[in-house]
Amino acid sequence: MDFILPIIFSAIAMTLIVGGRYLLSSGFFAWLTQRLQPGKYDQLKPQMGREIRWSLYSAAIYGVPAGIVAWGWQNAGWTRIYIDPAAYPSWYLPLSFLLYLLIHDTWFYWTHRLFHEPSWFKRAHAVHHDSRPPTAWAAMSFHPIEAISGAIVIPALVIAIPIHVGVLGLVLMTMTLMGVTNHMGWELFPRWLVQGRLGKWLITATHHEKHHELYRGNYGLYFRFWDRICGTDIGLGDFDAGRSKRISQ
């Protein structure tokens, strides 16, 4: 039983790290939005307050399994995280990165679709869609039920699938970047990428904007693969059209 207190401390530490990462990343892109899109968030201050509160609750939920797994990695060998790059062939580094994103994207697509079923939407996912329109602060604005569904993915993967600690950091950075930029209300990536061949398979803010506009379709996180396979890809959104509609209302 001597391990219980260290695990609790590890969970608290990871909660602080996840919360700090959220505040830094969302705060940076909220600041960038104010610089590049002046006035975009001026009428949304009460909403942003709600987004921050829900996101900090989510940070605590994400921090618990992350802290348990972090302790297990360092003290009990519970995970498949490795430090020596030579432990696996060099080609496995990019493969593991892509594998993690694909599995995470698959989990997210199907759970996200489930949360749009009427009973689940009302019970949990309505919190996220209460952001109209979403801002950079909405990346982790989830009901605790939805936060739990997202919090277990990476901890489960590091127990099951080998990954270098540096690649894991890259996965977490990608997850944070896409989560924030897909919600900030404008497109970070260039038009040639979004509307080109690569954009037909990748999700960016323009694609996710359509989901928040219509409350259906475009359920993926990183890739449009499952949306295309399942017939739920409803194309790209139009930020200017959405802004004009809100002004007219």
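Per numbering that gives the first Met the number 0, the very first residue in the sequence shown carries number 0; after that it's consecutive. A virtual CB, placed ideally from N, CA and C, is assigned to each residue, including glycine. Predicted, not measured: the structure shown is a model, and the values here were computed from it.
| Query | Result |
| --- | --- |
| Do three or more CB pairs link the segment 133–143 to the segment 37–50 at distances below 8 Å? | yes |
| At the level of alpha carbons, what is the spacing between Pro5 and Leu97? | 33 Å |
| Going by alpha carbons, who is nearest to Val164 out of Tyr91, Gly38, Ala10? | Tyr91 |
| How would you call Asn74, buried or exposed, if buried means at least 16 neighbouring beta carbons within 10 angstroms? | exposed |
| Where does Leu201 fall in DSSP's three states? | strand |
| Run the CB neighbour count on Trp70, radius 10 Å, all protein chains shown included, and call it buried at 16 or more, exposed below. | buried |
| Would you decide whether Met172 is buried or exposed? Buried here means 16 or more other CB atoms lie within 10 Å of its CB. | exposed |
| Considering only their Cβ atoms, is the gap separating Leu156 from Tyr214 smaller than 8 Å? | no |
| For Ala86, is the classification buried or exposed, using 16 other Cβ atoms within 10 angstroms of its Cβ as the cut-off for buried? | exposed |
| Considering only the beta carbon of each residue, do Thr32 and Ala135 sit closer than 8 Å? | yes |
| Would you kindly report the start and end of the unbroken alpha helix (DSSP H) that includes Tyr218? | Run containing Tyr218: none; DSSP gives neither H nor E here. |
| Cβ atoms of Ala146 and Ser57: under 8 Å apart, would you say? | yes |
| Assign Ser118 to one of two classes, buried (16 or more other C-beta atoms within 10 Å of its C-beta) or exposed (fewer than that). | exposed |
| If distances are taken between C-alpha atoms only, which option among Asn181, Cys229, Trp225 comes closest to Gly236? | Asn181 |
| Here's the rule: buried if 16 or more other CB atoms are within 10 angstroms of the residue's CB, otherwise exposed. What is Leu192? | exposed |
| In whole angstroms, what is the alpha-carbon distance linking His211 and Asn217? | 9 Å |
| Just how far apart, CA to CA, sit Ile233 and Leu201? | 14 Å |
| Out of curiosity, what's the CA-to-CA distance linking Arg190 and Leu197? | 11 Å |
| Mind listing, in chain order, the continuous beta strand (DSSP E) runs of no fewer than 3 residues lying wholly within the segment 121–145? | none |
| Indicate the three-state DSSP secondary structure (helix, strand or coil) for Tyr81 in the structure shown. | strand |
| Could you say which of Leu176, Gly149, Phe2 lies nearest to Ile67 if we only look at CA atoms? | Phe2 |
| Taking C-beta to C-beta, are Phe107 and Gly219 nearer than 8 Å? | yes |
| Return the CA-CA distance between Leu101 and Val152, expressed in angstroms with no decimal places. | 12 Å |
| Determine the extent of the alpha helix (DSSP H) in which Trp90 is found, giving its start and end residues. | Element bounds for Trp90: n/a, residue is neither H nor E. |
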